[in-house]
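Asker:
2 protein chains.
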Amino acid sequence: MLSGARGANHQHILTVTLNAALDVTYQVPSLRLGHSHRPTATDMRAGGKGVNVARVLHALGHETMVTGLVGGETGNAIRADVLVSGLREALFDMAGPSRRTVTIVSDGAATAVNEPGPRVSISDWADFVGGYHALAARASVVVLSGSLPPGLPDDAYAQLIRATPTPVILDTSGPPLLAGVAARPSVVKPNAHELIEATGLDDPVAGARALLHRGAHAVVASLGPDGMIAVSHEGSWRVRVPEELRGNPTGAGDACVAALAAGRALEWPDRLAEAVAISAAAVPCPLAGDIDPDTYTRLRPAITVEALDARADR
Amino acid sequence: MLSGARGANHQHILTVTLNAALDVTYQVPSLRLGHSHRPTATDMRAGGKGVNVARVLHALGHETMVTGLVGGETGNAIRADVLVSGLREALFDMAGPSRRTVTIVSDGAATAVNEPGPRVSISDWADFVGGYHALAARASVVVLSGSLPPGLPDDAYAQLIRATPTPVILDTSGPPLLAGVAARPSVVKPNAHELIEATGLDDPVAGARALLHRGAHAVVASLGPDGMIAVSHEGSWRVRVPEELRGNPTGAGDACVAALAAGRALEWPDRLAEAVAISAAAVPCPLAGDIDPDTYTRLRPAITVEALDARADR
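If you're matching them up, the sequences are chains A and B in order.
For the first sequence, this note's numbering begins at -11 and goes up steadily by one.
For the second sequence, this note's numbering begins at -11 and goes up steadily by one.
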């Protein structure tokens, strides 16, 4: 158990995964383009970024609730695996079958094909929004994560944020990110690439400030091996990782979001240091949603948080 | 319709697929190792080599029956797609879920991960063998194609061949090929790689002769762009393709087997020329089991069949 990450308060955190997936991972000794391979191992688990966030929160000892949309046999498999993983779920049925993602892990590299997901109908979406209100009202924090499935409007997350009485952390990209920011979420967490794509600005601090001015209360940008920057109305910080980590970076962003949700009661510098340490602890784990406690324990004391020039944030 | 390929007799051909699969094909604009991709198209169809052979036979106008083992939701999807494809099926249920294969087609290259399939229990196998006798008795030719699923002994095909009153064409590799050859099938159809693997001989003619002496009545070896060689007790031939074809070679072997089954009443040189032409007609098609009639019509008259030195075959 990562004691520092539990924070002062035991919280109930709702994670929303509108484009939940059945994540299939094949281990292949040596992947060669244009060839056929027999996998040495096959793993299937419920995925989608919100589900991965809930896995990390569960590992950190927090109460979570997984919601979102699932359908078909793939949806049944997602639901079953969520429960087997010890997570609670309030997933809603949709007409179309949930998507799969296929990841081929070979020689330390993960090559993935992510299906877009089924088209969500207006009535599926209306049912979800109707049920979401009650779930959000019981949560202390809500996490909205991942891409939107086909059929939903770009402002689907914005609609949910406006309907949420508690703080919202939003982790998405492109038009849903820009539309969501305008609905004033507590935190948005783009990565470096998503920040450039959304703002057109190459400098992460300038990009984060642009999203702050568009409505977000705080912007935390994950920069991979360069750590993280955070820009908020209370101040701005840069957080550095003391060593470069090798492994699977896929789950690091989800672990970061989990830590930001779990650490809501902490002061910003501590909250960010936790987020970087827990994010780094995801990198050695081959499957998104897992974290390595030893990496957390080793890195946490060595993480430095440096205040950025405050004048530009006001 | 490929008129030449229909032969004199309208035949009822049974194809056996013990390791049937749900073949999932993703089209990806540019596949890069270590990256994530969004497919531009996703196709799902029933597969396994015997199913592909039946698709080609159906396209050639022959009556077919698809049998084998299927299970779970994947098995239901396989069964449904077999029927949607216009094929008749007498598939047997097994306890484990049928496997999937995942193929990523990008820049003309097909990169595949083929799940091994579930373990077949002794009682699933006994049920199949019991039902197989009646199906084989009603067929004019039986085609046994593909790998054996886990749990079946290497001599599973040999058991079926001994129980078959009609001619059998066997297309498999490794120990099941060697065990099957000893049960005296009418034709075995290894490719160049499978022939070397099974016999240890680099020369395809020498390898084919070795399998003939081990019990096969005829050995047809597909050599990709080098065409085909055939060795039998009635003579030996080399068949050449007049031009090099680009595309997907995956289905070419299955098309060759289909043509050999369909052309059983033909003299060997005609039967082989048909097999090479129909095999070549599969190469331009992105999905195994499809054939391109224009390619067949263009190539068929230009295919040459040359008798090999006969003395060594006796």
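Don't be surprised by glycine CBs; every beta carbon is placed ideally from N, CA and C.
Give the DSSP-derived three-state secondary structure of residue 50 (chain A) in the structure shown.
Answerer: Counting from one through the first sequence, the residue named residue 50 (chain A) turns up at place 62. Looking at residue 50 (chain A) - three-state DSSP - the assignment turns out to be coil, as it is neither helix nor strand.
Asker: Rounded to whole angstroms, how far is the Cβ of residue 185 (chain B) from the Cβ of residue 220 (chain B), which I believe are closer than 8 Å?
Answerer: Residue 185 (chain B) sits at position 197 when you count from the first residue of the second sequence. Residue 220 (chain B) sits at position 232 when you count from the first residue of the second sequence. In fact, because the Cβ distance is near 22 Å, the residues do not count as touching under 8 Å.
Asker: Given that residue 26 (chain A) touches chain B, what residues does it touch there, using C-beta distances under 7 Å?
Answerer: As a first step, residue 26 (chain A) must be located in the first sequence, where it is residue number 38. Per Cβ cutoff of 7 Å: 102 and 104.
Asker: Report the three-state DSSP secondary structure of residue 35 (chain B) (helix, strand or coil).
Answerer: Indexing the second sequence from 1 puts residue 35 (chain B) at position 47. Residue 35 (chain B) falls in the strand class under three-state DSSP.
Asker: Which parts of the segment 141 to 202 of chain B are runs of the alpha helix (DSSP H), unbroken and 4 residues or longer, counting only runs that do not cross its ends?
Answerer: 144 to 150, 162 to 169, 180 to 187 and 192 to 202
Asker: Can you find a C-beta in chain B that's less than 8 Å from the C-beta of residue -2 (chain A)?
Answerer: Position 10 of the first sequence, counted from the first residue, corresponds to residue -2 (chain A). At residue -2 (chain A) the pLDDT is 49, less than 50, meaning the model places this residue with poor confidence; the figure from the coordinates comes in the next sentence. It does not; no Cβ of chain B falls within 8 Å.
Asker: Mind checking residue 282 (chain A): buried by the 16 CB within 10 Å criterion, or exposed?
Answerer: Along the first sequence, one-based indexing puts residue 282 (chain A) at 294. Exposed: under 16 other Cβ atoms inside 10 Å.
Asker: Could you give the C-beta distance for residue 86 (chain B) and residue 5 (chain B), rounded to a whole number, given that I count them as a contact under 8 Å?
Answerer: In the second sequence, the residue the question calls residue 86 (chain B) occupies position 98. In the second sequence, the residue the question calls residue 5 (chain B) occupies position 17. Their Cβ separation, rounded to whole angstroms, is 10 Å, which puts residue 86 (chain B) and residue 5 (chain B) out of contact at 8 Å.
Asker: Can you check whether the C-beta of residue 9 (chain B) is within less than 8 Å of a C-beta belonging to chain A?
Answerer: Here residue 9 (chain B) refers to the residue found at position 21 of the second sequence. So no, residue 9 (chain B) is outside the interface.
Asker: Which residues of the segment 78 to 99 of chain B have a Cβ closer than 7 Å to any Cβ of chain A? Give them in chain order.
Answerer: 90, 92, 97, 98 and 99
Asker: When you compare the CB positions of residue 67 (chain B) and residue 77 (chain B), do they come within less than 8 Å of one another, or not?
Answerer: Within the second sequence, the letter at position 79 stands for residue 67 (chain B). Within the second sequence, the letter at position 89 stands for residue 77 (chain B). Against a cut-off of 8 Å, the Cβ pair of residue 77 (chain B) and residue 67 (chain B) comes out as a contact.
Asker: Alpha carbon to alpha carbon, how far is residue 91 (chain A) from residue 25 (chain B)? Give it in angstroms, no decimals.
Answerer: To locate residue 25 (chain B), count along the second sequence from 1; it is residue 37. To locate residue 91 (chain A), count along the first sequence from 1; it is residue 103. Between residue 25 (chain B) and residue 91 (chain A), the C-alpha separation is close to 10 Å.
Asker: Taking Cβ to Cβ, would you say residue 217 (chain B) is nearer than 8 Å to residue 228 (chain B)?
Answerer: Taking the first residue of the second sequence as position 1, residue 217 (chain B) is located at position 229. Taking the first residue of the second sequence as position 1, residue 228 (chain B) is located at position 240. Result no, Cβ atoms of residue 217 (chain B) and residue 228 (chain B) do not sit closer than 8 Å.
Asker: Who are the near neighbours of residue 177 (chain A) in its chain, counting only those whose CB is closer than 6 Å to its CB and skipping five residues on each side?
Answerer: Working through the first sequence from its first residue, we reach residue 177 (chain A) at position 189. The answer, listed in chain order, is 159, 208 and 245.
Asker: Got a sec: which bits of the segment 60 to 71 of chain B sit with their beta carbon under 7 Å from any beta carbon on chain E, in order along the chain?
Answerer: The structure shown contains no chain E; its protein chains are A and B.
Asker: According to DSSP, simplified to helix, strand and coil, what is residue 285 (chain B)?
Answerer: On the second sequence, position 297 is the one that residue 285 (chain B) refers to. Here residue 285 (chain B) sits in helix by DSSP.
Asker: Tell me whether residue 302 (chain A) sits in a helix, a strand or coil according to DSSP, three-state version.
Answerer: Residue mapping note: residue 302 (chain A) aligns to position 314 of the first sequence, counting from 1. Interpretation of residue 302 (chain A) is limited by its pLDDT of 42, a score under 50 that renders its predicted location unreliable; the figure taken from the coordinates is listed afterwards. Note: residue 302 (chain A) maps to coil in three-state DSSP.
Asker: Rounded to whole angstroms, what's the CA-CA distance from residue 153 (chain A) to residue 121 (chain A)? Just pull it up for me.
Answerer: For the purposes of this step, residue 153 (chain A) is taken as residue 165 along the first sequence, with counting starting at 1. For the purposes of this step, residue 121 (chain A) is taken as residue 133 along the first sequence, with counting starting at 1. Roughly 9 Å separates the two Cα atoms.
Asker: I want to verify the contact list: residues of chain B whose CB lies under 7 Å from the CB of residue 22 (chain A), in sequence order.
Answerer: The residue given as residue 22 (chain A) occupies position 34 in the first sequence. Near residue 22 (chain A) (Cβ distances below 7 Å), the residues of chain B are 97, 98 and 99.
Asker: I'd like to confirm the pairing. Which residues does DSSP put opposite residue 0 (chain B) in its beta bridges?
Answerer: Mapped onto the second sequence, residue 0 (chain B) falls at position 12. B:51.
Asker: Counting pairs of beta carbons, one from the segment 233 to 247 of chain A and one from the segment 199 to 206 of chain A, are three or more of them closer than 8 Å?
Answerer: no
Asker: Taking only beta-carbon atoms, is residue 296 (chain A) less than 8 Å away from chain B?
Answerer: By 1-based counting over the first sequence, the position of residue 296 (chain A) is 308. So, not an interface residue.
Asker: Of all the options B:247, B:137, B:213 and B:243, which has the alpha carbon lying nearest to the alpha carbon of residue 231 (chain B)?
Answerer: For the purposes of this step, residue 231 (chain B) is taken as the residue at position 243 of the second sequence. Closest by alpha carbon: B:213.
Asker: Is residue 291 (chain A) near residue 243 (chain A), with beta carbons less than 8 Å apart?
Answerer: As a first step, residue 291 (chain A) is located in the first sequence; it is residue number 303 there, counting from the start. As a first step, residue 243 (chain A) is located in the first sequence; it is residue number 255 there, counting from the start. No.
Asker: May I ask you to report which of helix, strand or coil DSSP gives residue 254 (chain A)?
Answerer: As a first step, residue 254 (chain A) is located in the first sequence; it is residue number 266 there, counting from the start. Three-state DSSP puts residue 254 (chain A) in coil, outside helix and strand.
Asker: I want to see whether chain B comes within less than 8 Å of residue 19 (chain A), judged by CB atoms only; does it?
Answerer: Reading the first sequence from its first residue, position 31 is the one you call residue 19 (chain A). Output row for residue 19 (chain A): interface = yes.
Asker: Looking at chain B, is there any beta carbon in it that lies within less than 8 Å of the beta carbon of residue 120 (chain A)?
Answerer: Walking along the first sequence from the start, residue 120 (chain A) turns up at place 132. It does not; no Cβ of chain B falls within 8 Å.
Asker: In chain order, what residues of the same chain have a beta carbon less than 6 Å from the beta carbon of residue 16 (chain B), not counting five sequence neighbours either side?
Answerer: Within the second sequence, numbered from 1, the residue matching residue 16 (chain B) stands at position 28. Same-chain partners within the cutoff: 25, 27, 92 and 94.
Asker: Please list the partners that residue 16 (chain A) has in chain B, where partner means a Cβ-to-Cβ separation under 9 Å.
Answerer: As a working note, residue 16 (chain A) is residue 28 in the first sequence. Simply 101.
Asker: Output yes if chain A places a C-beta closer than 8 Å to the C-beta of residue 30 (chain B); else output no.
Answerer: Taking the first residue of the second sequence as position 1, residue 30 (chain B) is located at position 42. Look at residue 30 (chain B): its C-beta is under 8 Å from a C-beta on chain A.
Asker: Which class does residue 277 (chain B) belong to by DSSP, given the choice of helix, strand or coil?
Answerer: For the purposes of this step, residue 277 (chain B) is taken as the residue at position 289 of the second sequence. Look at residue 277 (chain B) here: in three-state DSSP terms it is coil, with no helix or strand label.
Asker: Let me know if residue 146 (chain A) comes out buried or exposed under the rule of 16 or more other beta-carbons within 10 Å of its beta-carbon.
Answerer: Position 158 of the first sequence holds residue 146 (chain A). Counting C-beta atoms within 10 angstroms of its own C-beta, residue 146 (chain A) has 16 or more neighbours from the protein chains shown and is therefore classed as buried.
Asker: Just to confirm before moving on: does the CB-CB distance between residue 70 (chain A) and residue 39 (chain A) stay below 8 Å?
Answerer: Sequence index remark: in the first sequence, residue 70 (chain A) carries index 82 (1-based). Sequence index remark: in the first sequence, residue 39 (chain A) carries index 51 (1-based). Yes, the pair counts as a contact, with Cβ atoms nearer than the cut-off.
Asker: Between the Cα of residue 266 (chain B) and those of B:151, B:189 and B:44, spot the shortest distance and give me the residue it belongs to.
Answerer: Stepping through the second sequence from its first residue, residue 266 (chain B) is reached at position 278. Checking every option, the nearest Cα to that of residue 266 (chain B) belongs to B:44.
Asker: Residue range of the beta strand (DSSP E) that residue 294 (chain A) falls in?
Answerer: Sequence index remark: in the first sequence, residue 294 (chain A) carries index 306 (1-based). Taken as a continuous stretch (DSSP letters only), the beta strand (DSSP E) holding residue 294 (chain A) covers 292 to 295.
Asker: Going by C-alpha to C-alpha distance, which of A:126, A:34 and A:13 sits closest to residue 1 (chain A)?
Answerer: Here residue 1 (chain A) corresponds to residue number 13 of the first sequence, with the count starting at 1. Here the closest residue by C-alpha is A:126.
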